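Numbering (my numbering), first residue to last: 11 to 271.
Every residue gets a Cβ at the ideal spot worked out from N, C-alpha and C, and that includes glycine.
The structure displayed is predicted, hence computed values, not measured ones.
Read through the structure below, which is laid out as structure tokens, and then see the notes.
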């Protein structure tokens with residue numbers, strides 16, 4: 011959030027680095043990655059603030075919400091629904107003092123405990139609130155059938171697949187496409203999370219580059235004892251969706267609205 015000099019601000023920490031556009035262009039020509047799942051955090055936070063009627067930060071702060079971003083945390087940061095990145099388990103968090111309101115799931119909570127950081131047993135990726143904030147019927151649109159939504163790193167392998175949806179598509183278009191789908195399959199964690207929040211069946215296809223940590227964390231943190239990923243899109247379609255996610259009302263209650271007035 012932008013603010014005048016001397017005015018308190020809450021930074022909504024999320025992953026969205028700038029990357030080179032093309033090897034055919036100078037290295038200085040870059041653009042944000044804009045992976046939809048990593049942009050969900052600020053979107054959800056701002057909508058909750060709009061509904062609360064609060065918009066003025068009480069003090070300078072940093073808030074981590076949606077995403078595997080805890081390795082970016084600094085001492086004093088507020089955490090609401092974030093997770094540990096499975097690629098950083100050797101050093102998952104460098105901060106020693108965090109104000110944790112909720113975490114994505116019990117696997118993240120266990121890792122934080124190993125590093126001396128207390129976290130309440132309040133679980134859930136805040137992306138699970140999408141269906142509450144923007145109900146499925148609010149999107150309208152024509153039925154889209156099966157949507158194949160891969161993790162960013164798996165895009166080249168699925169680009170030509172029928173039903174493919176690039177995770178770098180603008181966020182609201184991704185939400186609308188998921189809402190119109192009969193089934194969502196793929197390796198995008200937030201494709202799964204958003205689909206489940208909207209009541210759309212979803213099935214994980216094994217990722218090619220991502221560790222399973224974040225997926226396990228999500229399923230365990232949303233009322234499932236386990237999950238059965240598919241090896242291929244065809245297998246995922248044949249299997250249909252996993253049992254529905256269970257949203258813990260405590261996740262919404264834990265939203266750190268006290269950072270604003």
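Checklist entry - Cα separation between residue 126 and residue 104? => result As a first step, residue 126 is located in the chain shown; it is residue number 116 there, counting from the start. As a first step, residue 104 is located in the chain shown; it is residue number 94 there, counting from the start. Going by C-alpha positions, residue 126 is about 11 Å away from residue 104.
Checklist entry - From which residue to which residue does the alpha helix (DSSP H) around residue 110 run? => result The residue labelled residue 110 in the question sits at position 100 within the chain shown. Premise fails: residue 110 lies in the beta strand (DSSP E), 109-113, not in any alpha helix (DSSP H).
Checklist entry - Would a C-beta distance cut-off of 8 Å place residue 215 and residue 243 closer than the cut-off? => result Numbered from 1 along the chain shown, position 205 holds the residue referred to as residue 215. Numbered from 1 along the chain shown, position 233 holds the residue referred to as residue 243. The Cβ-Cβ distance between residue 215 and residue 243 falls below 8 Å.
Checklist entry - Are the beta-carbon atoms belonging to residue 136 and residue 91 less than 8 Å from one another? => result For the purposes of this step, residue 136 is identified with residue 126 of the chain shown, where counting begins at 1. For the purposes of this step, residue 91 is identified with residue 81 of the chain shown, where counting begins at 1. The answer is yes: Cβ separation under 8 Å.
Checklist entry - In terms of residue numbering, what span does the alpha helix (DSSP H) encompassing residue 118 cover? => result As a working mapping, residue 118 is identified with position 108 in the chain shown. Looking at the DSSP string, the run of the alpha helix (DSSP H) that includes residue 118 is 116-124.
Next on the checklist: Please classify residue 99 as buried or exposed, where buried requires at least 16 neighbouring CB atoms within 10 angstroms.
Outcome noted: For the purposes of this step, residue 99 is taken as the residue at position 89 of the chain shown. It counts as exposed.
Checklist entry - What does a CB cutoff of less than 8 Å around residue 181 pick up in its chain, not counting 5 residues either side in sequence? => result Here residue 181 refers to the residue found at position 171 when the chain shown is read from its first residue. 46, 49, 50, 53.
Checklist entry - Exposed or buried, what is residue 200 when buried is set at 16 or more other beta-carbons lying within 10 Å of its beta-carbon? => result Here residue 200 corresponds to residue number 190 of the chain shown, with the count starting at 1. Label assigned to residue 200: buried.
Item to check | Euclidean distance between Cα positions of residue 165 and residue 174 | outcome: Numbered from 1 along the chain shown, position 155 holds the residue referred to as residue 165. Numbered from 1 along the chain shown, position 164 holds the residue referred to as residue 174. Taking the Cα positions, residue 165 is about 9 Å away from residue 174.
Item to check | Extent of the continuous alpha helix (DSSP H) to which residue 263 belongs | outcome: Looking up residue 263 in the chain shown gives position 253. First-last of the alpha helix (DSSP H) with residue 263: 259-263.
Checklist entry - For residue 285, which of 80, 69, 134, 86 has the nearest alpha-carbon? => result Residue 285 lies beyond the stretch modelled for the chain, which goes from 11 to 271, so this question has no answer here.
Checklist entry - Relative to the alpha-carbon of residue 70, which residue among 191, 56, 88, 224 has its alpha-carbon at the smallest distance? => result Here residue 70 is taken as the residue at index 60 of the chain shown, counted from 1. Nearest C-alpha to residue 70: 88.
Checklist entry - What residue from 234, 245, 206, 153 has the CA that sits closest to residue 142's CA? => result Indexing the chain shown from 1 puts residue 142 at position 132. Comparing Cα positions, the closest option is 206.
Checklist entry - Given 8 Å as the limit, is there contact between the stretch 114-123 and the stretch 240-258, that is, 3 or more CB pairs closer than that? => result no
Checklist entry - In terms of alpha-carbon separation, which member of 231, 110, 129 lies closest to residue 259? => result Within the chain shown, numbered from 1, the residue matching residue 259 stands at position 249. Among 231, 110, 129, the Cα nearest to that of residue 259 is on 231.
Next on the checklist: Short of 7 Å in beta carbon distance, which residues of its chain neighbour residue 204, apart from the five on each side in sequence? Order them along the chain.
Outcome noted: To locate residue 204, count along the chain shown from 1; it is residue 194. Here the set comprises 137, 140, 185, 188.
Item to check | Whether residue 27 touches residue 43 by CB criterion (8 Å) | outcome: Numbered from 1 along the chain shown, position 17 holds the residue referred to as residue 27. Numbered from 1 along the chain shown, position 33 holds the residue referred to as residue 43. In this structure, residue 43 lies closer than 8 Å to residue 27 by Cβ.
Next on the checklist: Please state whether the Cβ-Cβ distance between residue 273 and residue 132 is less than 8 Å.
Outcome noted: Look at the range of the chain in this structure, 11 to 271, and you will see that residue 273 is not part of it.
Next on the checklist: Taking 8 Å as the threshold (beta carbon to beta carbon), is residue 36 in contact with chain D?
Outcome noted: No chain D appears in the structure shown, which is made up of a single protein chain.
Checklist entry - By a C-beta neighbour count over all protein chains shown, 10 Å radius and 16 as the cutoff for buried, is residue 220 buried or exposed? => result Within the chain shown, numbered from 1, the residue matching residue 220 stands at position 210. Buried is the call here.
Item to check | Pair within 8 Å by beta-carbon distance, residue 78 and residue 224 | outcome: Residue numbering aside, residue 78 sits at position 68 when the chain shown is read from its first letter. Residue numbering aside, residue 224 sits at position 214 when the chain shown is read from its first letter. A contact, by the Cβ cut-off of 8 Å.
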